[in-house]
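Colleague: Let me give you the structure first, and then I'll get to my questions.
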Amino acid sequence: DIQDPVLTSHVVTIPEVRMSPDLKLATAYVMPLGGQDEGEVIRALERNKKILRQEVARRVNLKFAPDLRF
-9 DIQDPVLTSH VVTIPEVRMS PDLKLATAYV MPLGGQDEGE VIRALERNKK
41 ILRQEVARRV NLKFAPDLRF
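The following block contains the structure:
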């Protein structure tokens, strides 16, 4: 439940996520629908990285939650 005006006004697609071999880093490839405002959406995801990481930790069964990159 992210309350960010940029993220609530854009539909974001995540076609791929690549994990590092030690599973401590996840690189998520993201694209806003239509490719508009890419930089703005990336900055919004970076601002909310902590909340997103907590959600990943809650849903994925790993010893450590991976750090997220967009």
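So the sequence shown is numbered by our numbering: it starts at -9 and just counts up by one. Using N, Cα and C, we set each Cβ at its ideal position, and we do this for glycine too.
Since T17 sits in a beta bridge, which residues does DSSP pair it with?
Modeller: R8, R59.
Colleague: So, with DSSP's three-state summary, where would you put E50?
Modeller: Checking the sequence shown, residue 50 turns out to be Val, not Glu. Coil at V50, not helix or strand.
Colleague: Keeping to the same chain, check which residues put their C-beta closer than 8 Å to that of I41; ignore five residues upstream and five downstream.
Modeller: Same-chain partners within the cutoff: I(-8).
Colleague: Should S(-1) be counted as a contact of the ligand SAH given a C-beta to heavy atom distance under 7 Å?
Modeller: This structure simply doesn't include the ligand SAH, nor any ligand for that matter.
Colleague: Taking Q8 as the reference, give the member of Y19, R33, E28 with the closest Cα.
Modeller: In the sequence as displayed, the identity of residue 8 is Arg instead of Gln. Nearest C-alpha to R8: Y19.
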